[in-house]
Structures are given as structure tokens and as C-alpha cells.
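The structure under discussion appears below in the form of C-alpha cells.
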Amino acid sequence: MEAPITYEVIVREELFQIEDVPALVCRNCGEQWLDDDVKNNLELMVAESAGPEPNVH
Ligand SMILES: [Zn+2]
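Start counting the sequence shown at 790; every next residue gets the next number (this note's numbering).
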């Protein structure tokens, strides 16, 4: 079934939470899948929020 979830990801020790992400959730075991497009969008959003990677020399 499809259900909104809160997607959580930690980038450079900072927690990002994105609410109401449409996901597929298994009725039996509760496992969650994200559509590839949704996942790509989330990664872009998080990358923008996190800002550019610090340069390490
Ligand atoms: Zn399952």
C-alpha cells in the first residue's frame, strides 16, 4: 500500500527530516520503498539544504 512517511537522512552529522514523502509500505513486514524519482528528488533537496561539500585538502 502507499503511505506517506517521514524520510530521515544524516548528512555530515546533521539530521534531515522530510515529511509526507510518498512511499510504498509492505503490509506484512512494514518495509518501505521509495520510488526512484522520489528518492532522487529527496537527495537533491538534502544536498541543497546541506550546502556544498567542504573542501578537504
Ligand atoms: Zn514485506
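Note that beta-carbon positions come from the ideal geometry of N, C-alpha and C, so glycine has one too. From a predicted model like this one, the values you see are computed outputs, not experimental measurements.
Any non-hydrogen atom of ligand 1 within 6 angstroms of residue i CB
i, result
"E842", "no"
"E791", "no"
Nonlocal neighbours in the same chain, by C-beta distance under 8 angstroms from residue i, ignoring five residues either side
i, result
"L831", "Y796, V798, I807, V810, L823"
"E793", "The displayed chain sequence assigns Pro, not Glu, to residue 793. Excluding residues within five positions, the ones whose Cβ falls inside 8 angstroms are E808, D809, V810, P811, A812."
For residue i, three-class secondary structure by DSSP
i, result
"D809", "strand"
"L831", "helix"
"E803", "strand"
"E820", "coil"
"E791", "strand"
Spatial neighbours of residue i in its chain, beta-carbon cut-off 7 angstroms, leaving aside the 5 residues before and after
i, result
"M834", "I807"
Practice prompt. With a cut-off of 7 angstroms, give the chain-ordered residues whose Cβ is closer than this to any heavy atom of ligand 1.
Written response: Going by the Cβ distance cut-off, the answer is C815, N817, C818, E820.
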